[in-house]
Structure formats: structure tokens, C-alpha cells
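Trainee:
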Amino acid sequence: MPPAYPAEAPLDCPLCPRLVAYRRDNDAAHPDWFNAPVPSFGDANARLLIVGLAPGVQGANRTGRPFTGDYAGDLLYGTLIEFGFAQGIYGASPDDGLELKGAMITNAVRCVPPQNKPTPAEAKNCLGFLKSRLAGLPDLKAVLALGRIAHDAVLSALNVRKTAAPFAHGATHEIPGGITLFDSYHCSRYNTNTRRLTPEMFHGVFRDIKIHLER
């Protein structure tokens, strides 16, 4: 049976009234920004799907590409280049020419939420897009969840009980159907400034993913 949702949310998605209102407020204040549900970015033949929380207001909500234009993108895209999942130069702009190789990036919630905090209902509303995104990658072998909310969304999308795969940085979970879920703390400025997540810790997770995909 085909998915009930497309893999990408429509640019005028009406599902979450609070997020729709916030999009409109941002559009009024910054009409040159993207201000819409941010589509996934990457390789249609991806073996790795990276799932973040939601667009940042001055990052992906401004630029229209996941993790582009804010600090989290600096660490994420630099790491993707280092481990061979991207080629080119990350210029913090969707026209920088950067390409992903064997990887795709998406978000559990496609619209920017106030204070970077989506509600559980908003995450649930967006779940259908994540389900379809996962189902639409025929070569998918690994998923990297950046943070607990992304982790929980992936489990829900794959119909796995949360108690069967608890979130922890560096954890690995074998999911029925042949997908391996990897966990990392989110690569946000707050997490890196407080040393909750160091570049070395982040690279360690990608090293594990690389080894897994090369088996």
C-alpha cells in the first residue's frame, strides 16, 4: 500500500496551527527567507539517513536546506565531508554546490518551531512524512538520530517500541527489517559549548557508521 503522506511536506502544509502562525510571522519579518517546511537534502540512493529535530529559525528556515546557515551545520557538514558522505565545500548556503554521497538529511519536524521546541502533537503530525522518507530510500541501511526527539520519531516511524531501543549517545540498535539506528547527541551550539558533545564524540559515531556500511 502506498504511504499516506509524501516524503516531503507541501510548502503550505497546514497540519500544525502554531507552526503555521510562526512561519507567517517569520515571513512578514523576513520575506526573503525560505519560511516553509524544509525538504530533505541528499542522495536519492542514500544508505544513511540523518534525522535532526527541526529547522533552526536562522538556519534551515532561512536557507531552505537542512542544517544550513547555523552552527550545527558547520559541525555536521564538516564531519560528512571528512567521512566521505559529502563532497565539495560547505558554504552555509544552498547554492554552495555541496553534494551528499550515499547520505540524506531530514528533520523529524519539517517546520521551524518557536524556541526550537516542537510539541509532541507537532512531532506526531509530521511523522507521516518521516515514514514516507524512510520508505522511499530503497538502499537504506543506517539511520543516525540527532537527539532524543529524533530518535523517538524514528522508532515511531519504524513501529518499534521506545523501551526496546533506549536513546543514548553512541548507542546502536538493530531494527527489524535490516536498518541499524545510531544515536548521537544533537550537534547544536549549546551541546558543543557545554562539551556534552565534542567533535571527537561526533566523529566516533560516524566512524561506527562507516564501519557498519563497509561490512
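Take 43 as the starting number for the sequence shown in the working numbering and just add one per residue.
All C-beta atoms in this analysis are idealised placements derived from N, C-alpha and C, irrespective of residue type, glycine included.
According to DSSP, which residues form a beta bridge with V151?
Mentor: BP columns for V151 are empty, so no partner.
Trainee: Give the single residue among P160, A86 and P73 whose Cα lies nearest to the Cα of L95.
Mentor: That would be P160, whose Cα lies nearest to the Cα of L95.
Trainee: Out of I251, L117 and A192, which one is the CA nearest neighbour of A165?
Mentor: A192
Trainee: Examine the Cβ distances between the stretch 131-139 and the stretch 199-213 and report whether three or more of them are shorter than 8 Å.
Mentor: no
Trainee: Can you give me the start and stop residues for the alpha helix (DSSP H) that I131 sits inside?
Mentor: From DSSP, I131 is part of no alpha helix (DSSP H); its letter is neither H nor E.
Trainee: Given G246, which residues of its chain have a CB within under 6 Å of its CB, disregarding the five upstream and five downstream residues?
Mentor: none
Trainee: Given 8 Å as the limit, is there contact between the stretch 111-119 and the stretch 48-64, that is, 3 or more CB pairs closer than that?
Mentor: no
Trainee: Express the C-alpha separation of P56 and P48 in angstroms, rounding to a whole number.
Mentor: 14 Å
Trainee: What separation, rounded to the nearest whole angstrom, lies between the Cα atoms of A187 and V151?
Mentor: For A187 and V151, the distance between alpha carbons rounds to 13 Å.
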